[in-house]
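*Asks:* Handing you a structure now.
Protein chains in written order, with our numbering: chain A, 109 to 408; chain B, 68 to 515.
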């Protein structure tokens, strides 16, 4: 038979009280903080996963805002390019009607003047800015410079990029040099949209307005480049929107799996707390009863 | 016969009184640490009936004698306890140190690991708005948070190193003190044994000291003529009445003062030395590696870029170790190299910066992986050592329970003994009374 010395009995009771109290405190802490993991050693494997998920989540947040920024910049280009397209349509109409010698010179002069004002509108379109940055001029603040009707390319061919997912960098600018034809004709740039409009206006104003007819093909080319830029912008908007919605989904997924790893299951926690409370109260009751029991009580 | 009965009754009351004294001593010491329960050894006394050394006639009964006092203690369990104590001591110390090491990286949801992740995110955010001064300042302050938390980790590690060193000095000092006390007790116990008295209290005190000593360092014991010799490895720490001293050599390594040879390590001392020589320097070099890799990759990329004013980027971080990593004081928001040119829209460098966490440095690995691995490794080691400590302490306490079940005082048992001896006393007294009455009858009632 094992002897249980009085001191050991006390120690056993004390240990039981301490253990059960610690469990109770832990259950309360988990319930009040809502976290199961408070340090890595609570569950090293899960904690490492949580650390990685958290880093990915905050990165994904940055990707989503980069995508938002990119989408705004692209939509600025979209409306500018729509404007460019309608300006070019008007230019073509004017050139077609202006090339006839039957038109009297005053009318042709008026057409030429309108063409020049359309050219200035086109300059404004080319210099469209989003948040203080040019959308067609690469890294340059302006894309073109208008010096008394003669328009020159001052942008560069850099692309403005946004990383919208870990693997995908999308250009959110359009190459103004191509859109406005500063690479067209020979020598290159001689058939840019501004020069073409200027040449057409000059011809229409002159005694030989039919000379402007050759510019119609060039205008057609520019309309082509604008619409292909529009198509490209639209394609990229779709791409970014798709990636962005994936990123939003993945944030939700990551948050869910992180929560599974580090958060307390409330129902379970409440049950644990009740269990711990019951165990602690039972221990206290037992200790109170045992402490008061001694042979001395029965010796008279 | 009545004279003898009187005598026998007297031995009975004497023995019962002595036994009750022991019971009260046991009761008084019910909560004394290391107290060994005592039991009286009684034997029937038989007079030899000898006269002048020659046996004359049969043995006659002559009551009870107190043969001695037994300390209810099992040397085998003591040895088992002391063998386990060193293992438990080192496991518990290891767990305590590992739990502290885990804290140096800061809280789980806001420490160094999180700060590093936020630093890369800040660059990613800057890439959406590269000329924005607030975003540029955001990158600098995120960098400062990383540097500060690495510095604070290095600082905490430093104070931990100091603490471990102090503890180790303390433990060596304690071992020397215990050894000296044990040697002194040996000499007192030797004296007592020579005088033929039992020195239960002294033995208890020596056992307590041996228990404490065996947690600090692995010891082996041998007892000769009541004196304990204590060996650490093969070197005697205590031989009979003399004790050897341990002193701290270069780097705090414990050496025998007498010979200058290293002490065989065990127990808490081993755990402390291990932390000082292996664990803490390991963590320090991991932190330094993270700091230096971070500074190198960030600075290289930053210097490849251009500031808002068009000049080439300068170093982002200064310092090469965790203890001295700082964001360069010369770095202003305008001087952050977000692009490769001075163009406000240029975000190429910040796009590249945001990816540096995963950039695999040849032979070392990516800084994010280094960081997560260090945090994981510290956590794993805290969890594993905690588990080990629990195993060793529970096996130690199970040995101690066995030991306590022999040597511990149970009050109910003592009260039962008290009643038993009280009754014995009363009975012996009664024998004496009856013998007295018989003598009274004989002396006063006859011849009248």
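Think of the CB as a built atom: it goes at the ideal place given N, C-alpha and C, for glycine as much as any other residue.
The model shown is predicted, which means the values in this text are computed figures rather than measured ones.
Grab me the residues of residue 485 of chain B's own chain with a C-beta within less than 7 Å of its C-beta, minus the 5 sequence neighbours each way, in chain order.
*Replies:* Correct list, in chain order: 87 and 90.
*Asks:* So which of B:306, B:282 and B:164 has the shortest CA-CA distance to residue 227 of chain B?
*Replies:* Taking only the C-alpha atoms, the option nearest residue 227 of chain B is B:164.
*Asks:* Specify, as a first and last residue, the run of the beta strand (DSSP E) that residue 52 of chain A falls within.
*Replies:* Because chain A in this structure spans residues 109 to 408, residue 52 of chain A falls outside the shown range and cannot be described.
*Asks:* Can you pull the chain B residues whose beta carbon is under 7 Å from the beta carbon of residue 247 of chain A, in chain order?
*Replies:* The contacting residues are 408, 410, 412 and 413.
*Asks:* Would you kindly check if the distance between the Cβ of residue 417 of chain B and the Cβ of residue 208 of chain B is under 8 Å?
*Replies:* Contact flag unset, no.
*Asks:* Checking contacts by CB at 8 Å: is residue 362 of chain A closer than that to chain B?
*Replies:* So, not an interface residue.
*Asks:* Could you check whether the Cβ of residue 184 of chain B sits closer than 8 Å to any Cβ belonging to chain A?
*Replies:* Answer yes: the Cβ-Cβ gap between residue 184 of chain B and chain A drops below 8 Å somewhere.
*Asks:* Can you say whether residue 141 of chain A is buried or exposed, counting buried as having 16 or more other CB atoms within 10 angstroms of its CB?
*Replies:* Exposed, because fewer than 16 other Cβ atoms sit within 10 Å of the Cβ of residue 141 of chain A.
*Asks:* Could you please tell me which residues of the segment 88-119 of chain B, in chain order, have their CB closer than 8 Å to any CB of chain E?
*Replies:* This model lacks chain E altogether; the protein chains it does include are A and B.
*Asks:* Hey, out of A:405, A:165, A:278 and A:304, whose CA is closest to residue 175 of chain A's CA?
*Replies:* Out of A:405, A:165, A:278 and A:304, A:278 has the C-alpha closest to the C-alpha of residue 175 of chain A.
*Asks:* Tell me the DSSP secondary structure of residue 267 of chain A in three-state form.
*Replies:* Looking at residue 267 of chain A - three-state DSSP - the assignment turns out to be coil, as it is neither helix nor strand.
*Asks:* Please identify the residue among A:348, A:161 and A:398 whose C-alpha is closest to the C-alpha of residue 116 of chain A.
*Replies:* It is A:398.
*Asks:* Assuming residue 105 of chain A contacts residue 291 of chain A under a Cβ cut-off of 8 Å, what Cβ separation, rounded to an integer in Å, is found between them?
*Replies:* Nothing can be reported for residue 105 of chain A, as the shown portion of chain A is limited to 109 through 408.
*Asks:* If the cut is a Cβ gap below 9 Å, which residues of chain A does residue 483 of chain B touch?
*Replies:* The answer, in chain order, is 403.
*Asks:* Please state the DSSP three-state secondary structure of residue 373 of chain B.
*Replies:* Strand at residue 373 of chain B.
*Asks:* Can you tell me whether residue 348 of chain B is helix, strand or coil according to DSSP?
*Replies:* Three-state DSSP puts residue 348 of chain B in a helix.
*Asks:* From residue 153 of chain B to residue 328 of chain B, what distance separates their C-alpha atoms?
*Replies:* About 21 Å.
*Asks:* Could you list which residues in chain A have their beta carbon closer than 7 Å to that of residue 192 of chain B, in chain order?
*Replies:* By Cβ distance, chain A contributes 170 and 173.
*Asks:* Using DSSP with H/G/I as helix, E/B as strand and the rest coil, what is residue 290 of chain A?
*Replies:* Coil at residue 290 of chain A, not helix or strand.
*Asks:* Can you have a look at residue 332 of chain A and say buried or exposed, based on whether 16 or more other CB atoms are within 10 angstroms of its CB?
*Replies:* So residue 332 of chain A counts as exposed.
*Asks:* Is DSSP giving residue 103 of chain B helix, strand or coil here?
*Replies:* It is coil, neither helix nor strand.
*Asks:* Measure the alpha-carbon distance for residue 478 of chain B versus residue 150 of chain B and round it to whole angstroms.
*Replies:* If you take the alpha carbons of residue 478 of chain B and residue 150 of chain B, they lie about 30 Å apart.
*Asks:* Quick check for students: name the residue ranges of the alpha helix (DSSP H) that lie wholly in the segment 114-156 of chain A, counting only runs of 4 or more.
*Replies:* Entirely contained in the segment 114-156 of chain A, the alpha helix (DSSP H) runs reaching 4 residues are, in chain order, 114-141.
*Asks:* Expressed to the nearest angstrom, what Euclidean distance is found between the alpha-carbon atoms of residue 275 of chain B and residue 331 of chain B?
*Replies:* One C-alpha to the other measures close to 22 Å.
*Asks:* Enumerate in chain order the residues of its own chain whose CB-to-CB distance from residue 467 of chain B is below 8 Å, with the five nearest sequence positions on each side excluded.
*Replies:* Cβ neighbours of residue 467 of chain B beyond the five flanking positions: 148.
*Asks:* If you measure between the beta carbons of residue 192 of chain A and residue 230 of chain A, is that distance less than 8 Å?
*Replies:* Contact: yes.
*Asks:* How would you write the range of the alpha helix (DSSP H) that residue 245 of chain B sits in, first residue to last?
*Replies:* First-last of the alpha helix (DSSP H) with residue 245 of chain B: 200-262.
*Asks:* Against chain B, does residue 140 of chain A count as a neighbour if the rule is that its beta carbon must be under 8 Å from one of theirs?
*Replies:* No, residue 140 of chain A lies away from the interface with chain B (no Cβ there is under 8 Å from its Cβ).
*Asks:* Residue 385 of chain B by DSSP, collapsed to three states: which one?
*Replies:* It is a strand residue.
*Asks:* Against residue 407 of chain A, what residues of chain B qualify as contacts under a CB-to-CB distance less than 8 Å, listed in chain order?
*Replies:* Within chain B, the residues near residue 407 of chain A are 482 and 486.
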